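Chemist: Take 1 as the starting number for the sequence shown in the UniProt record's numbering and just add one per residue. Every residue gets a Cβ at the ideal spot worked out from N, C-alpha and C, and that includes glycine. All of these numbers come straight from a predicted model, not from anything done at the bench. One structure, as structure tokens, below. Some questions next.
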Amino acid sequence: MKILKYKKIGKDKYKITLDDNKEIELYEDVIVKNNLLLNKEIEDDKLDALLKQNEEEKNYFLALKYISIKMRSIKEIKNYLSKKNVSNNVIQNIVKRLIKEGYLNDALFVKAFINDQINLTLNGPIKIKNELLKHDINKDVIDEEISKIDNNLIKEKLNKLLKKQLKIKKGSYNSVKNKLINHFINLGYYKEDILNEISLLDIKTDDTKLKKDYERLYSKYKSKYNGDRLNYFIMQKLYLKGYTKEDINKVIKEDVH
Numbered sequence: 001m002k003i004l005k006y007k008k009i010g011k012d013k014y015k016i017t018l019d020d021n022k023e024i025e026l027y028e029d030v031i032v033k034n035n036l037l038l039n040k041e042i043e044d045d046k047l048d049a050l051l052k053q054n055e056e057e058k059n060y061f062l063a064l065k066y067i068s069i070k071m072r073s074i075k076e077i078k079n080y081l082s083k084k085n086v087s088n089n090v091i092q093n094i095v096k097r098l099i100k101e102g103y104l105n106d107a108l109f110v111k112a113f114i115n116d117q118i119n120l121t122l123n124g125p126i127k128i129k130n131e132l133l134k135h136d137i138n139k140d141v142i143d144e145e146i147s148k149i150d151n152n153l154i155k156e157k158l159n160k161l162l163k164k165q166l167k168i169k170k171g172s173y174n175s176v177k178n179k180l181i182n183h184f185i186n187l188g189y190y191k192e193d194i195l196n197e198i199s200l201l202d203i204k205t206d207d208t209k210l211k212k213d214y215e216r217l218y219s220k221y222k223s224k225y226n227g228d229r230l231n232y233f234i235m236q237k238l239y240l241k242g243y244t245k246e247d248i249n250k251v252i253k254e255d256v257h
């Protein structure tokens, strides 16, 4: 089949009119690789292979567009193309090409991912590492980059986040402390770092809640106990709720009953 006409229809794409009035769309790279500009002819038995090459080129540009939004891991590209029903062989070809051209690089992806997580999310090192492991990247590569994170930067971030959470968390000293520990462990921070930063904070018991808890216990048990025995019983109950002995003694001394 002779090629009668080329018409550009996109940045890298042409519509080709053949001598049987059939029209096909081919990418520029496919045209160049198959010397169609010089030969100006497509052999009948090579048309199917040409269209397959073109389909692979289309999916290559899909992957390239996906990468242009943000840096991607090799696994992300494979999953993306798989969802587009691209065959495994074609996916492998595209991935190899993207790696060769420098568009895919898992080592650089790890660096960029860690940087974004530290600056744009609340996540700590443990959670960042776990998220990276989901990308099927070599664990040694991940560990090496995680170890390069500036610990002072993490502590500074943790301190700021703890202060914000401290304004939200209410209750006894131990209750607030445990809530903070659990919250930041879930965000992927090391427990040792959390405890160190908490020790620098001034965690105050919610006096209003303490007084309410005291009044409730007093009303409930005043008919059963009295005097020092009642106070001791209430102290034990409040202590189990996480209040400190100092705060409990203070509210008992202020008791107007």
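1) Which residue wins for smallest C-alpha separation from Glu192, given the options Glu28, Tyr218, Lys163, Asn151?
2) What span of residues does the alpha helix (DSSP H) with Tyr66 cover, start to end?
3) Using a 10 Å radius around the Cβ and a threshold of 16 neighbouring Cβ atoms, would you call Leu162 buried or exposed?
4) Rank Lys167, Lys157, Ser172 by C-alpha distance to the C-alpha of Leu187 and give the top, closest one.
5) Which of helix, strand or coil does DSSP assign to Thr244?
6) With C-beta atoms as the reference, is Ile198 less than 8 Å away from Leu210?
7) Is the number of C-beta pairs between the stretch 135 to 146 and the stretch 108 to 117 that are closer than 8 Å three or more?
8) What does a CB cutoff of less than 6 Å around Glu41 pick up in its chain, not counting 5 residues either side in sequence?
9) Quick check for students: name the residue ranges of the alpha helix (DSSP H) that lie wholly in the stretch 163 to 189, counting only runs of 4 or more.
10) Is the number of C-beta pairs between the stretch 128 to 143 and the stretch 90 to 104 that are closer than 8 Å three or more?
11) So, with DSSP's three-state summary, where would you put Glu101?
12) Would you say Leu81 and Asn54 are within 8 Å of each other, going by their C-beta atoms?
13) Who are the near neighbours of Ile67 in its chain, counting only those whose CB is closer than 6 Å to its CB and skipping five residues on each side?
14) For the candidate residues Leu38, Ala63, Val86, Glu76, whose alpha-carbon lies nearest to that of Glu52?
Modeler: The relevant details are as follows:
1) Measuring from the Cα of Glu192, the nearest candidate turns out to be Asn151.
2) It spans 47 to 69 - the alpha helix (DSSP H) in which Tyr66 sits, taken as one unbroken run.
3) By the Cβ neighbour-count rule, Leu162 is buried, with 16 or more other Cβ atoms within 10 Å of its own.
4) For Leu187, the nearest C-alpha among the options comes from Lys157.
5) It is coil, neither helix nor strand.
6) No, Cβ-Cβ distance for Ile198 and Leu210 is not below 8 Å.
7) With contact defined as three or more Cβ pairs closer than 8 Å, the stretch 135 to 146 and the stretch 108 to 117 are in contact.
8) So the qualifying residues of the chain are Lys2.
9) For the stretch 163 to 189, whole alpha helix (DSSP H) runs of length 4 or above, ordered along the chain, are 173 to 186.
10) As far as the Cβ criterion goes, the stretch 128 to 143 does not touch the stretch 90 to 104, which means the pair count is below three.
11) Correct three-state label for Glu101: coil.
12) The Cβ-Cβ distance between Leu81 and Asn54 does not fall below 8 Å.
13) Here the set comprises Tyr103.
14) Rather than Glu, the amino acid found at residue 52 in this sequence is Lys. From the listed residues Leu38, Ala63, Val86, Glu76, the smallest Cα separation to Lys52 is found for Val86.
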